[in-house]
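Written below as structure tokens is the structure these notes are about.
Residue numbers (UniProt numbering): 1 to 359.
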């Protein structure tokens, strides 16, 4: 059975200003931006102006993220020293304090500072379209598949190059479900989707939709600063970025992100703890009786397989539209990743990942 995941057709909007982007139809036919001009084979003066403007905007966004990371880590280190006794108290409040020491500087200082620095870049106005229940489920299942494939890649990579390194996320989650729900399931998805999808994509999509989606996913993956999360965070970022690009529905990606984190931060750790911390037992049966943990493992494996099938059947139907300031072919990568701020951000996050591997 093949699912139809096309969004509803759009009503005509003849009075839209020229900077409004076309929305809807995640797998539908191409829809040009208003007043689109055909691309020439040779660069025009307008192309050069678009390249220069795009370079400035990508540089500003990357510089904002760089400042965010630096401020976040410095304040976290400072608070960790101040509250070191509470963090290592061995009580149930220890894990809440670990979240607070990390998230308060990030949500209260670092991200607002980054958004303030980006505020000089005007976002592109868009109209919002929702997904039907069937479309939502199909996209969510595909996202689970992408996450599991990315998780396997990250685990294999760490097994080859840093076999003795413990995943820092597993050390933090699973000890206090209430704390995990508040910080990892509710606050994290809201803030991360608002920053990496709405704020970044809305400010960069004018120069190319595909470039904006990939860039937002890449910096989202680097933001996590560990190899275990990098690959699946990048894949999830691509999925959520595409969904947001076509629908402009932030709550759609937020709720999907919440479901993903609920599974990874609450349900899976609880089941692993229930089988005595032996993760392999989640995917096994004992004495011929399939336990709840084993049933969960089988269901998630089935979801991943179905998601791969959905992904393969629908990948060719994705659409990225030509934008008014579309960068000439072959220039987008250099503009997005070759500016000094992007390079500095990538180097810093790479060093943080390396530190996680050897620490």
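Here a beta-carbon is modelled for each residue, glycine too, at the ideal position from N, C-alpha and C.
Take residue i and list the residues in its own chain whose beta-carbon comes closer than 8 Å to its own, dropping the five residues that flank it on each side.
i           : result
residue 157 : 227, 231
residue 348 : 66, 69, 70
residue 360 : Not covered by the structure: residue 360. The range shown for the chain is 1 to 359.
residue 310 : 3, 138, 141, 142, 145
residue 162 : 227, 357, 358
residue 326 : 39, 50, 207, 208
residue 73  : 352
residue 346 : 222, 337
residue 122 : 203
residue 93  : 86
residue 234 : 150, 217, 218, 220, 221
CB-CB under 6 Å to residue i, same chain, minus the five flanking residues each way: which ones, in chain order?
i           : result
residue 215 : 336
residue 95  : 175, 176, 179
residue 307 : 141, 142, 144, 145
residue 305 : none
residue 328 : 43, 47
residue 344 : 66
residue 287 : The predicted position of residue 287 is uncertain, since its pLDDT is 45 and thus under 50; no value can be drawn from it.
residue 257 : 189, 193
residue 262 : 185
residue 79  : 101
Would you decide whether residue i is buried or exposed? Buried here means 16 or more other CB atoms lie within 10 Å of its CB.
i           : result
residue 160 : exposed
residue 356 : buried
residue 224 : buried
residue 179 : buried
residue 368 : No information on residue 368 is available, as it lies outside the stretch 1 to 359 that the chain covers here.
residue 146 : buried
residue 316 : exposed
residue 46  : exposed
residue 88  : exposed
residue 189 : buried
residue 260 : buried
residue 202 : buried
residue 330 : exposed
residue 265 : buried
residue 131 : buried
residue 271 : buried
residue 133 : exposed
residue 82  : exposed
residue 120 : exposed
residue 269 : buried
residue 339 : buried
residue 154 : buried
residue 241 : buried
Identify which residue in the options has its Cα closest to the Cα of residue i.
i           : options            : result
residue 117 : 309, 200, 125      : 200
residue 127 : 245, 265, 238      : 245
residue 319 : 293, 80, 243       : 243
residue 124 : 197, 334, 351, 312 : 197
residue 205 : 312, 264, 332      : 332
residue 129 : 76, 115, 248       : 248
residue 207 : 321, 112, 44, 132  : 321
residue 236 : 192, 57, 314       : 192
residue 221 : 258, 165, 267, 151 : 151
residue 299 : 312, 273, 267      : 267
residue 56  : 111, 79, 334       : 334
residue 195 : 114, 295, 54, 84   : 114
residue 354 : 54, 165, 84        : 165
Please work out which residues of its chain come closer than 7 Å, Cβ to Cβ, to residue i, disregarding the five sequence neighbours upstream and downstream, and give them in chain order.
i           : result
residue 341 : 59, 62, 63, 66
residue 301 : none
residue 76  : 101, 102, 105
residue 148 : 304
residue 111 : 68, 191, 195
Taking 9 Å as the CB-CB limit, is residue i close to chain B?
i           : result
residue 352 : In summary, chain B is missing from the structure at hand, where a single protein chain is found.
>> Quick test of the definition: if touching needs 3 or more C-beta pairs under 8 Å, does the stretch 208-224 touch the stretch 123-143?
In response: no
> If you pair each beta-carbon of the stretch 200-216 with each one of the stretch 252-269, do three or more pairs fall below 8 Å?
Replying inline: The stretch 200-216 makes no contact with the stretch 252-269: fewer than 3 CB pairs, one atom from each, lie closer than 8 Å.
> Below 8 Å, can you find three or more Cβ-Cβ pairs linking the stretch 87-107 to the stretch 181-189?
Replying inline: yes
> For the stretch 41-104, which segments carrying the alpha helix (DSSP H) assignment without a break, of at least 4 residues, lie completely within its bounds, in sequence order?
Replying inline: 45-82, 84-87
> Enumerated in chain order, which unbroken segments of the alpha helix (DSSP H) with a length of 4 residues or greater are wholly contained in the stretch 141-188?
Replying inline: 168-172, 177-180
> Would you call the stretch 50-58 and the stretch 101-110 in contact, with 3 or more CB pairs under 8 Å?
Replying inline: Put simply, the stretch 50-58 does not touch the stretch 101-110. Fewer than three CB pairs are less than 8 Å apart.
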